[in-house]
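Peer 1: For the sequence shown, full-length UniProt numbering begins at 1 and goes up steadily by one.
Following this message is one structure expressed as structure tokens.
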Amino acid sequence: MDELKGLLGGAGKQLFDAAGQAITSAATEYIGSVINEMFVKKETDTKRFLPSIKNMKVLGERNSGGRSAYDVQDFYQIRQQCLENGTLFEDPEFQASASSLLYSKRPDRHYEWLRPHEICDNPEFFVEGFSRFDVQQGELGDCWLLAACANLTQDQKMFLRVVPEDNSFEDDYAGVFHFRFWQYGKWVDVVIDDRLPTYRGQLIYMRSSEQNEFWSALLEKAYAKLHGSYESLRGGTTCEAMEDFTGGVAEMYDLKDQTPPNLYEIIEKGFKRNSMFGCSIEADPHVLEAETSEGLIRGHAYSITKIQLVDIETPGRSGKIPLIRLRNPWGNEAEWNGPWSDKSPEWRYIPDEQKQELGLNFDHDGEFWMSYRDFTRYFDRMEICNLSPDSLSDDLLNRGKIRWEMSMFEGEWAIGTTAGGCRNYLDTFWHNPQYVIRLDDPDEDDEEGNCTVIIALLQKNRRSRRNMGVECLTIGFAVYRVTERDLAQKPLKMNFFKYNASAARSPAFINLREVSCRFKLPPGTYVIVPSTFEPNEEGEFIIRVFSETANGMMENDEHVGVGDMDDRIAPEDPGFTQPSPQRQAMERLFLDVAGADGEVDWVELKRILDHSFRDDNISSEGFSKDVCRAMVAMLDVDHTGKLGFDEFQTLLTDIAKWKAVFKLYDTEGSGRLSAFQLREALNSAGYHLNNRILNALVHRYGSRSGTIPFDDFIMCAVKIKTMIEIFRERDADGSNQATFSMDEWVEKTLYS
1 MDELKGLLGG
11 AGKQLFDAAG
21 QAITSAATEY
31 IGSVINEMFV
41 KKETDTKRFL
51 PSIKNMKVLG
61 ERNSGGRSAY
71 DVQDFYQIRQ
81 QCLENGTLFE
91 DPEFQASASS
101 LLYSKRPDRH
111 YEWLRPHEIC
121 DNPEFFVEGF
131 SRFDVQQGEL
141 GDCWLLAACA
151 NLTQDQKMFL
161 RVVPEDNSFE
171 DDYAGVFHFR
181 FWQYGKWVDV
191 VIDDRLPTYR
201 GQLIYMRSSE
211 QNEFWSALLE
221 KAYAKLHGSY
231 ESLRGGTTCE
241 AMEDFTGGVA
251 EMYDLKDQTP
261 PNLYEIIEKG
271 FKRNSMFGCS
281 IEADPHVLEA
291 ETSEGLIRGH
301 AYSITKIQLV
311 DIETPGRSGK
321 IPLIRLRNPW
331 GNEAEWNGPW
341 SDKSPEWRYI
351 PDEQKQELGL
361 NFDHDGEFWM
371 SYRDFTRYFD
381 RMEICNLSPD
391 SLSDDLLNRG
401 KIRWEMSMFE
411 GEWAIGTTAG
421 GCRNYLDTFW
431 HNPQYVIRLD
441 DPDEDDEEGN
451 CTVIIALLQK
461 NRRSRRNMGV
471 ECLTIGFAVY
481 RVTERDLAQK
491 PLKMNFFKYN
501 ASAARSPAFI
511 NLREVSCRFK
521 LPPGTYVIVP
531 STFEPNEEGE
541 FIIRVFSETA
551 NGMMENDEHV
561 GVGDMDDRIA
571 PEDPGFTQPS
581 PQRQAMERLF
591 LDVAGADGEV
601 DWVELKRILD
611 HSFRDDNISS
621 EGFSKDVCRA
631 MVAMLDVDHT
641 GKLGFDEFQT
651 LLTDIAKWKA
661 VFKLYDTEGS
671 GRLSAFQLRE
681 ALNSAGYHLN
691 NRILNALVHR
701 YGSRSGTIPF
711 DDFIMCAVKI
721 KTMIEIFRER
731 DADGSNQATF
741 SMDEWVEKTL
751 YS
């Protein structure tokens, strides 16, 4: 309840500050989303409107991770205030305390939070620029993050997007810094102070190779704040951090069991698209970061920094050999000692000019070369982060780099509506969100005329909630080839999935933040169905599609609107308006209760309906106060709070219709519908709704058991009919557009 009050308070401040005046831009956008969700027909424009107020977050250029949408930490404002006050910033949102370090246990010693100028003389943000050699691992098990940082330094544009240049210990220093991360489709600005955890005066976590350089330590702190604590960063994949640094899509390859035959081609194409790479060797369960006889570290994240076909000339032959350059984020002498390692004899067969082109050096810096063959032999896993189109600068494009084509949609698995589970649960599988992709043009260099497609399913907000016991859901997706005839039905129903096999699918359902896979598909139209493994597991997700050519992605969902009633309910208006003993009895009771003015309020309406339905098992508990009030509001044109006899007769027709619909789907006579039946029941009543509206209705009216009682089903129908009619009154030309002043909108939404 307190969280709800806080949410409404923040939203109310934004939406109603301009009460009585023209609608503010924030209010306009939110009102547009409500109108769209409730009754405007829209096809694929999911980016135009915000989601429901429950998920309303303004995550943009100046928003700190994990904060309220309306309580944003603004770096520039904070810095200016501190400079004016002569104080150094102390972040109230990520305090210098044990809770910012650990969430599962207490620290094993006393850590002191110090600012850089308390750790060393002359601290600097950058010392002679930035490079992959700046990041050194501390005590935290986040080598995956360090490997991603090392990759990030190799692209100036991407690096400076994450690590803004206006951070400084010299110009306008006020103890406040900021960093930007990609979070679920948006860039967020995370503000921190520069108090860092130390032990005996030394940094305990990430640090630079230069003692007085602090960009990497501060970046790690900002990333820890984004996820709730430093401990939340313990254990992860390089791909996860690379995605958060770039907004790209990650892939993982098992080099032992399922190395694709074209892996070298994939890596080569990846470097042409400026992709970022990481790799690792399976950990030794008995030894932390054990070293192999070849000098490689188990359970440790390496970054791949270059791939090159190198000319080789031996006394007996000449040719080319594929080499890969890797880096150990420890940045020390722990390096590969096999063929092509530092100072190995193989290098004498490489021409000097090519050595110079490779930038070859034999320093003990953690970086080394090895052959592609040895790489696939000794490493167990490789990760690729394919960059989003906006990550490539014009300069890189002019130098021959290539962009991916990308499409992205946000979605939700909601209990009882869109959380249908995997294909094993055929009855509910089709309720999952569905997305159409159209692949018209094959890859330019594909000899078989196929299209490269990377599909990535990312579940939102899981790592940051680990301290609350929230772990990743087990997720995956299936891909089905479809025809235009199939797509005439939106969404695809159960029978389609019953009689059609998938054309592709994720390798497995797994409890990772993201599941992705690369496919080669013939040109055509496909439907992607993302799901959890079990039904009724709730969560939010983002689904992205990367392809070499355009992919034309859209959501395969119903258009919101009104249609015909189900023939099983009203073949030819079967007596809803004709006399029947029960109807006649209700009308007589109305006249008795109404009295001289001939009208009833909600209390009197409740008395009439409860009496009339007392022997009907679907409403044995009677109609609730809210339903009766909503019924009155639905028909009360003059806002008197009462219904006349004609309005009451109209209401009886609606109730009879909705009751018949309810009984059609309540096959067991339990007085409850499964929430999964809500879409079809409302369709039978003549209302067509999309997934977002259905999710909102079930969140609002569904029970914890995933069912909807008759009373709440009537409430759903009343609300939908009322909101559609309010909108239609203003949509005079049928353009699916309506305009409301602030006071009109508040009046109509509050009363209805």
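Glycine included, each C-beta is placed from N, C-alpha and C at the ideal position.
Whole angstroms is fine: what's the gap from residue 30's alpha carbon to residue 443's?
Peer 2: Per-residue confidence for residue 30 stands at a pLDDT of 37, beneath the threshold of 50, marking its modelled position as unreliable; no derived number is given.
Peer 1: Examine the Cβ distances between the region 263-280 and the region 210-228 and report whether three or more of them are shorter than 8 Å.
Peer 2: Segments in contact, no.
Peer 1: Start and end of the beta strand (DSSP E) containing residue 264?
Peer 2: That residue, residue 264, is in no beta strand (DSSP E); its alpha helix (DSSP H) goes 263-272.
Peer 1: For residue 674, does the three-state DSSP call read helix, strand or coil?
Peer 2: Three-state DSSP puts residue 674 in a strand.
Peer 1: Which runs of the beta strand (DSSP E), 3 residues or longer, sit entirely within the region 615-649?
Peer 2: You should have found no qualifying run.
Peer 1: How many angstroms separate the CA atom of residue 360 from the CA atom of residue 333?
Peer 2: Computed Cα separation, rounded: 16 Å.
Peer 1: Strictly by DSSP, which residues pair up with residue 196?
Peer 2: Its beta-bridge partners are 114.
Peer 1: Between which two residues does the alpha helix (DSSP H) harbouring residue 722 extend?
Peer 2: Note, residue 722: alpha helix (DSSP H), 710-730.
Peer 1: Closer than 6 Å by C-beta to residue 714: which residues in its own chain qualify, once you throw out the five before and the five after it? Chain order, please.
Peer 2: If we look at residue 714 and ignore the five residues flanking it on each side, its Cβ neighbours are 627 and 658.
Peer 1: Decide yes or no for the touch test of the region 431-448 against the region 469-476: beta carbon pairs closer than 8 Å, at least 3 of them.
Peer 2: With the cut-off at 8 Å, the region 431-448 and the region 469-476 do not touch.
Peer 1: DSSP puts residue 542 in a beta bridge; with which residues?
Peer 2: Answer by DSSP bridge pairing, in chain order: 410 and 458.
Peer 1: Flag this pair as yes or no: are the beta carbons of residue 407 and residue 545 separated by less than 8 Å?
Peer 2: Yes. Within cutoff.
Peer 1: So, residue 453 versus residue 547, is the Cβ gap smaller than 8 Å?
Peer 2: Contact: yes.
Peer 1: Cβ atoms of residue 416 and residue 432: under 8 Å apart, would you say?
Peer 2: For residue 432 and residue 416, no; Cβs fall outside 8 Å.
Peer 1: Please state whether DSSP places residue 160 in a helix, a strand or coil.
Peer 2: Reduced to three states, the DSSP call for residue 160 is helix.
Peer 1: Between which residues of its own chain and residue 539 is the CB-CB distance below 6 Å, once the five residues before and five after are set aside?
Peer 2: Cβ neighbours of residue 539 beyond the five flanking positions: 413, 459 and 473.
Peer 1: With DSSP as the reference, please indicate the residues paired to residue 769 in a beta bridge.
Peer 2: Outside the displayed range of the chain (1 to 752) lies residue 769, so it cannot be described from this structure.
Peer 1: Would you tell me roughly how many angstroms separate the C-alpha atoms of residue 369 and residue 342, rounded to the nearest one?
Peer 2: So the alpha carbons of these two residues sit roughly 7 Å apart.
Peer 1: Alpha carbons only, please: which of 501, 481, 108 and 387 is nearest the one belonging to residue 769?
Peer 2: This structure cannot settle anything about residue 769, because the visible part of the chain is limited to 1 through 752.
Peer 1: Let me check understanding here. Comparing Cα to Cα, which of 199, 644 and 245 lies closest to residue 108?
Peer 2: Nearest option by C-alpha distance: 199.
Peer 1: Below 8 Å on the Cβ atoms is my contact criterion, and I expect residue 527 with residue 435 to pass it. Report the Cβ-Cβ distance as a whole number of Å.
Peer 2: Right, the Cβ-Cβ distance comes to about 7 Å (below 8 Å), so this counts as a contact.
Peer 1: Take residue 51 and list the residues in its own chain whose beta-carbon comes closer than 6 Å to its own, dropping the five residues that flank it on each side.
Peer 2: Confidence in residue 51 is poor, its pLDDT being 29 and thus under 50, which makes the residue's placement too unreliable to answer from.
Peer 1: Count the other CB atoms within 10 Å of the CB of residue 227; is the residue buried (16 or more) or exposed (fewer)?
Peer 2: Burial call: buried.
Peer 1: Could you name the residues that DSSP lists as bridge partners for residue 452?
Peer 2: DSSP lists 520 as partners of residue 452.
Peer 1: Going by the beta-carbon positions, is the gap between residue 550 and residue 440 smaller than 8 Å?
Peer 2: Contact flag set, yes.
Peer 1: Please confirm if the region 262-273 is in contact with the region 305-324, defined as three or more CB-CB distances below 8 Å between the two stretches.
Peer 2: Enough Cβ pairs lie closer than 8 Å, so yes.
Peer 1: Is the beta carbon of residue 437 less than 8 Å from the beta carbon of residue 250?
Peer 2: No; because the gap between Cβ atoms is not below 8 Å, this pair is not in contact.
Peer 1: Considering only C-alpha positions, which residue in the set 498, 663, 597 and 680 is nearest to residue 558?
Peer 2: Considering only alpha carbons, the answer is 680.
Peer 1: With the cut-off set at 8 Å, would you say residue 378 and residue 324 are in Cβ contact?
Peer 2: Contact: no.
Peer 1: My output table needs one value for residue 353: the three-state DSSP class, helix, strand or coil.
Peer 2: Here residue 353 sits in helix by DSSP.
Peer 1: What residue does the alpha helix (DSSP H) around residue 250 start on, and which one ends it?
Peer 2: That residue, residue 250, is in no alpha helix (DSSP H); its beta strand (DSSP E) goes 249-254.
Peer 1: For residue 203, name the three-state secondary structure that DSSP assigns.
Peer 2: In this structure, residue 203 counts as strand in the three-state DSSP scheme.
Peer 1: Could you say if the region 623-640 and the region 669-688 meet the contact criterion of at least three C-beta pairs nearer than 8 Å?
Peer 2: Counting Cβ pairs under 8 Å, fewer than three are found: no touch.
Peer 1: Would you list the one or two residues that DSSP bridges to residue 515?
Peer 2: According to DSSP, residue 515 bridges with 457.
Peer 1: Output needed for residue 609: all residues of its chain with C-beta closer than 6 Å, excluding positions within five of it in sequence on either side, in chain order.
Peer 2: Closer than 6 Å at Cβ, skipping near neighbours: 623.
Peer 1: On the DSSP letters alone, give me the boundaries of the alpha helix (DSSP H) that residue 478 sits inside.
Peer 2: It is not in any alpha helix (DSSP H) - residue 478 instead sits in the beta strand (DSSP E) that spans 475-482.
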